[in-house]
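**Student:**
In our numbering, the protein residues as written are 26 to 269.
(1) Run through the stretch 90-133 for me and flag every whole alpha helix (DSSP H) of 4 or more residues, listed as ranges in chain order.
(2) Considering residue 146, what are the terminal residues of the alpha helix (DSSP H) in which it resides?
(3) Compute the Euclidean distance between the alpha carbons of residue 252 and residue 244, then round it to the nearest angstrom.
(4) Quick check: the Cα distance between residue 47 and residue 177, rounded to an integer number of angstroms?
(5) Is residue 209 buried or exposed, if buried means 16 or more other CB atoms sit within 10 Å of its CB?
(6) Kindly indicate the opening and closing residues of the beta strand (DSSP E) around residue 251.
(7) Using 8 Å as the Cβ pair cut-off and three pairs as the minimum, do the stretch 233-250 and the stretch 170-190 touch?
(8) For residue 189, report the span of its alpha helix (DSSP H) as first-last.
(9) Please check the pair residue 186 and residue 165, which I expect to be a contact at CB under 8 Å, by giving their CB distance rounded to whole angstroms.
(10) Would you give the residue range spanned by the alpha helix (DSSP H) that residue 70 belongs to?
Structure representation (structure tokens):
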């Protein structure tokens, strides 16, 4: 649970503001690519769910899932989380909002680096009458204690993460034993297009790379869902007795 008012880090004593329903934990923002900078615009945030997100998904995947099918897929892969579900790269919190609306829903937190997206997400959550805690933080670093989250969802967020090994280590760190990581990314394009994508701040990922980095971080039971032009994966944090 987030408390409204400044948050203070117990480890270092740093104070972080909470304003407009968003806890701001970004201290020194890293340089972002053109696409991420666009996400900071308020007009983009206001039109994101209706226009911008579908356009981006169609441009990158060619055959995007409809909203209901997308949510059902992620929800089935998340299983029954025992603890808070964190939506990393949440945008305006579309999926977090739907998760929080479910009967007997676990606590839901949503994290993004775009203040404009998060403020729009807070407005949408208030209108929907559901509870989601919004945090402004910068992946790959996740502002949670070790082993406290029931699941981590990264819908379309992986292409915005430059340091995949660090991201996987952080997700593994914050998950409880048995907690699931569910993520999606568009299928990695050929070399010429991949260079263009990197130029706007995107980092295409393939199954082999995701499988390798997940295993290196300590994940087990890696699975892939085969969809046209879309790579959806799931992995679990094992216990000390779980074979890899």
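We treat Cβ as the ideally placed atom computed from N, Cα and C, and that holds for glycine.
**Tutor:** Concretely, from the data shown:
(1) 92-103 and 119-126
(2) 140-153
(3) 22 Å
(4) 19 Å
(5) buried
(6) 244-252
(7) yes
(8) 189-199
(9) 6 Å
(10) 67-72
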